[in-house]
Amino acid sequence: MFDVLITGGTIIDGTGNVGFKGDVAVQGDRVRILVADTPSVQAGNTIDVSGSIVAPGFIDSHTHSDLMALAEPLNEPKIMQGVCTEMMGSDGVGYAPLSKENLERMVLLFSGINGCPDLDYNWSSITEYLEQFHHKASCNVAYLIPNGCLRVATVGWDNRPAAKDEIRKMRDMIRQGMEEGACGLSTGLDYPPGSWATTDELVELCKTVAECGGVYSTHVRYGMGDGVFDGFREAVKIGKRSRCPVHISHYFATMPLRGQTERMIQFIDDAIASGVDVTFDAYPYEAGSTSMTIALPQSAVTGGPHELLKLLKNRDDRERMRGQSRKVLGKLEEIVVSGVNTEKNKWCEGLTVQAIAERLQKDPWDTICDMLLEENLGVTFYFFGGDMNDVKALMTHPAHMFISDGLRIGGMPNPRTYGTFPKVLGQMVREEKILTMEQAIRKMTSFPAHRYGLEGRGILRDAMKADIVVFDPLTVTDTATFAKPKQFPRGIQYVFVNGKMVVQKGRHTGALPGEPIKVRGYVRG
Numbered sequence: 004m005f006d007v008l009i010t011g012g013t014i015i016d017g018t019g020n021v022g023f024k025g026d027v028a029v030q031g032d033r034v035r036i037l038v039a040d041t042p043s044v045q046a047g048n049t050i051d052v053s054g055s056i057v058a059p060g061f062i063d064s065h066t067h068s069d070l071m072a073l074a075e076p077l078n079e080p081k082i083m084q085g086v087c088t089e090m091m092g093s094d095g096v097g098y099a100p101l102s103k104e105n106l107e108r109m110v111l112l113f114s115g116i117n118g119c120p121d122l123d124y125n126w127s128s129i130t131e132y133l134e135q136f137h138h139k140a141s142c143n144v145a146y147l148i149p150n151g152c153l154r155v156a157t158v159g160w161d162n163r164p165a166a167k168d169e170i171r172k173m174r175d176m177i178r179q180g181m182e183e184g185a186c187g188l189s190t191g192l193d194y195p196p197g198s199w200a201t202t203d204e205l206v207e208l209c210k211t212v213a214e215c216g217g218v219y220s221t222h223v224r225y226g227m228g229d230g231v232f233d234g235f236r237e238a239v240k241i242g243k244r245s246r247c248p249v250h251i252s253h254y255f256a257t258m259p260l261r262g263q264t265e266r267m268i269q270f271i272d273d274a275i276a277s278g279v280d281v282t283f284d285a286y287p288y289e290a291g292s293t294s295m296t297i298a299l300p301q302s303a304v305t306g307g308p309h310e311l312l313k314l315l316k317n318r319d320d321r322e323r324m325r326g327q328s329r330k331v332l333g334k335l336e337e338i339v340v341s342g343v344n345t346e347k348n349k350w351c352e353g354l355t356v357q358a359i360a361e362r363l364q365k366d367p368w369d370t371i372c373d374m375l376l377e378e379n380l381g382v383t384f385y386f387f388g389g390d391m392n393d394v395k396a397l398m399t400h401p402a403h404m405f406i407s408d409g410l411r412i413g414g415m416p417n418p419r420t421y422g423t424f425p426k427v428l429g430q431m432v433r434e435e436k437i438l439t440m441e442q443a444i445r446k447m448t449s450f451p452a453h454r455y456g457l458e459g460r461g462i463l464r465d466a467m468k469a470d471i472v473v474f475d476p477l478t479v480t481d482t483a484t485f486a487k488p489k490q491f492p493r494g495i496q497y498v499f500v501n502g503k504m505v506v507q508k509g510r511h512t513g514a515l516p517g518e519p520i521k522v523r524g525y526v527r528g
């Protein structure tokens, strides 16, 4: 007798193959596919989903839920979309392996990306961090080792190249992290301290990642060289020299790449033809999001976040930084503050920096610096730099997978946090027919599972893990907008994680069956 029998639906198994009629049975945390007549099959709970699609649980392989998924374990922004697995440690930003002191510093520095929730920060290793999620969150989690963590553990908070012995220690930490279940290495080469790594350093680290069977996932150096393609060229060069698979994060046609999607696609094709194993991801929105600290010169982070706060308080240092401020300040009327920590500044959420400065009758640069000080660096923003026509062209490429890159903080977040996967199924598939349903689901399930070695996930097949989403193909859609971003989608009917029902008829059941997914069997001697 099965625990659950899901009957009457069309199974789209995640492989890209055409959907077929059949029933999905759940026994414990595993699935079994039944395609013959099943009237005699017995189950503790039989669910008729006639007219619906039954698919593998979606995998969001680039997220920023590293802390908020612990602080808000129901994880409604993701589970209500059908996301059953999230990747932590993206963009070189994460919270293990770290000493207690550096953990506190990382939480502070990146509070504009991952928040600064009230948690018991009692971990140091990757194993200890991942264990925090075991049956304490709705979704499963996987992990990339952030190079920022490796750097502060070896080089410290200094803006300099790593010495040979420091690189050796980082390579040892990668081996240990991969043994503890990590999928690979991530970098965010616009975010110090990880951005201070040189190309040669990253090549050496990626040699170890390759030896361990992992993937190098990178937010490239957008300020490098021509500011357009040189960052992508560095990523491919690292892959070629290290023989490590490369995944380019949020390969997004933002300024100055707007209108250059043909060139971007050709770049990927050329890299693959040259022998480099390259994939990429992109979200289906024209706006990006990040921490307001990115407006500051990277040198300001030298010494860590407490030193940065001292610089912001000093008038002379602030003026010096004004002249070195990042390109993001070029269009203040397009930068929308989406999240702050204090009630005092909640009124700023949803307003542009320009509008806030005018209301305060302040210089915009001082407005940014004062806000970062008052919010203890916890300021988040989004900005419109892309074009949906470019986004749609990129997502048809076979090396592309869908992500949310969703930030879980602030009162007015980018709606991609709440709407990414249903938006694809509703707008991109049903309405605009940019992709078939089978193609879209593959990009959300088996493709990321295979890329990152998430064994047992991403496909509905006998004995695979029972991560399942059931949705109505005629009504599934996102409802989150930039004006009202915290709205759940429509059409997601049931979600199972490890065989436990987490969403029932569009409502969260309160179940917390999430597990850390530890990649096994990759490390080679």
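Count along the sequence shown from 1, then add 3; that gives the number in the working numbering.
Note that the Cβ used here is the ideal one computed from N, Cα and C, for glycine as well.
Beta bridge counterpart(s) of residue i as assigned by DSSP
{"i": "PHE23", "result": "ILE14"}
{"i": "HIS403", "result": "PHE283"}
{"i": "HIS222", "result": "GLY191"}
{"i": "ALA298", "result": "Bridge partners of ALA298: none, in fact."}
{"i": "PHE387", "result": "ALA290"}
{"i": "ALA58", "result": "VAL472"}
{"i": "THR480", "result": "ARG493"}
{"i": "VAL96", "result": "In the DSSP output, where bridge partners are listed per residue, VAL96 has none listed."}
{"i": "PRO519", "result": "VAL144"}
{"i": "VAL29", "result": "VAL7 and VAL34"}
{"i": "THR355", "result": "VAL339"}
{"i": "ALA166", "result": "According to DSSP, which records beta bridges pairwise, ALA166 is partnered with nothing at all."}
{"i": "ALA72", "result": "Answer is none; ALA72 lacks a bridge partner."}
{"i": "ALA46", "result": "PHE5"}
Three-way DSSP call (helix, strand, coil) for residue i in this model
{"i": "ILE412", "result": "coil"}
{"i": "ASP63", "result": "strand"}
{"i": "PRO367", "result": "helix"}
{"i": "LYS468", "result": "strand"}
{"i": "GLY509", "result": "coil"}
{"i": "HIS453", "result": "helix"}
{"i": "ARG527", "result": "Any answer about ARG527 is weak, because its pLDDT of 37 lies below 50 and its placement is not dependable; what the coordinates show is given next. Note: ARG527 maps to coil in three-state DSSP."}
{"i": "CYS87", "result": "strand"}
{"i": "TYR421", "result": "helix"}
{"i": "LEU37", "result": "strand"}
{"i": "ASN143", "result": "strand"}
{"i": "GLY342", "result": "strand"}
{"i": "ASP51", "result": "strand"}
{"i": "ARG445", "result": "helix"}
{"i": "LYS503", "result": "strand"}
{"i": "ALA486", "result": "coil"}
{"i": "LEU77", "result": "coil"}
{"i": "ARG178", "result": "helix"}
Within 8 angstroms, strictly: CB atoms of residue i and residue j
{"i": "PRO418", "j": "GLY494", "result": "no"}
{"i": "LEU335", "j": "THR355", "result": "yes"}
{"i": "LEU147", "j": "CYS186", "result": "yes"}
{"i": "GLU289", "j": "MET391", "result": "yes"}
{"i": "ASN379", "j": "LEU112", "result": "no"}
{"i": "ILE56", "j": "PHE386", "result": "no"}
{"i": "ASP481", "j": "PHE499", "result": "no"}
{"i": "LEU410", "j": "THR383", "result": "yes"}
{"i": "ASN150", "j": "ALA72", "result": "no"}
{"i": "PHE485", "j": "MET83", "result": "no"}
6 angstroms CB neighbourhood of residue i in its chain, flanking five on each side removed
{"i": "VAL526", "result": "For VAL526, the predicted model reports a pLDDT of 40, less than 50, meaning its position is unreliable; a value from the coordinates is still stated below. Cβ within range, chain order: MET181, GLU182 and CYS215."}
{"i": "LEU428", "result": "VAL479"}
{"i": "PHE23", "result": "ILE14"}
{"i": "ALA443", "result": "VAL427 and VAL432"}
{"i": "GLY524", "result": "Note that GLY524 scores 48 on pLDDT, short of 50, meaning its location in the model is unreliable; the coordinates nonetheless yield the value given after this. Closer than 6 angstroms at Cβ, skipping near neighbours: no residue."}
Limits of the alpha helix (DSSP H) - the one that residue i falls within
{"i": "CYS152", "result": "150 to 157"}
{"i": "ILE437", "result": "Run containing ILE437: none; DSSP gives neither H nor E here."}
{"i": "ASP233", "result": "233 to 245"}
{"i": "CYS209", "result": "202 to 214"}
{"i": "ILE462", "result": "From DSSP, ILE462 is part of no alpha helix (DSSP H); its letter is neither H nor E."}
Residue i, enclosing beta strand (DSSP E) - first and last residue
{"i": "GLN496", "result": "495 to 500"}
{"i": "HIS309", "result": "Looking at the DSSP string, HIS309 is not in any beta strand (DSSP E); the run it does join, the alpha helix (DSSP H), is 308 to 316."}
{"i": "ASP272", "result": "Counting along the chain, ASP272 falls outside any beta strand (DSSP E), though it belongs to the alpha helix (DSSP H) covering 264 to 276."}
{"i": "VAL249", "result": "249 to 251"}
Chain-order list of residues whose beta-carbon lies under 7 angstroms from that of residue i (same chain, five-residue window excluded)
{"i": "SER64", "result": "MET90, ASP284, MET404, ILE406, PRO451 and TYR455"}
{"i": "TYR225", "result": "ASP193 and GLY234"}
{"i": "THR157", "result": "ALA165, GLU169, LYS172 and MET173"}
{"i": "GLY537", "result": "The question about residue 537 has no answer, for the chain in this structure spans 4 to 528."}
{"i": "ALA213", "result": "SER245, ARG246 and CYS247"}
{"i": "GLU435", "result": "none"}
{"i": "LEU37", "result": "GLY25, ASP26, ALA28 and VAL44"}
Beta carbon proximity, residue i to chain D, threshold 8 angstroms
{"i": "LEU70", "result": "Going by chain labels, chain D is absent from the structure shown, which holds only one protein chain."}
Nonlocal neighbours in the same chain, by C-beta distance under 8 angstroms from residue i, ignoring five residues either side
{"i": "GLY278", "result": "LYS243"}
{"i": "ASP121", "result": "ALA74"}
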